[in-house]
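Student:
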Amino acid sequence: RRRCMGETLARNSIFLFFTGILQKFQVSSAPGTKPPSIEPQPGITLSPQPYSAVLTPRDKDY
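Take 1 as the starting number for the sequence shown in UniProt numbering and just add one per residue.
1. Starting from the C-beta of glutamine 26, find all residues in its chain whose C-beta is less than 6 Å away, skip the five residues before and the five after it, and write them out in chain order.
2. Using the three-state DSSP reduction, which class does threonine 56 fall into: helix, strand or coil?
3. Span of the alpha helix (DSSP H) holding glutamine 23?
4. Please check the pair serine 28 and valine 54, which I expect to be a contact at CB under 8 Å, by giving their CB distance rounded to whole angstroms.
5. Going by the CB atoms, is the gap between proline 40 and proline 48 shorter than 8 Å?
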């Protein structure tokens, strides 16, 4: 299978970006909304359903 030469670097960069976000912020559903659905939204590719989230800064003592 052929792949882009930068795919591994891109995957690692995305992983580090999101783990950094999760370290610094508490992620929760927006007030008055239901939790996100795990059912995919069909299309050319499968996508998650739209949802709202709130990012609250964590304490710096981690």
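Ideal placement from N, C-alpha and C gives every residue a C-beta, glycine not left out.
Tutor: Reading it off the structure:
1. Thr56 and Arg58
2. strand
3. 7 to 24
4. 5 Å
5. yes
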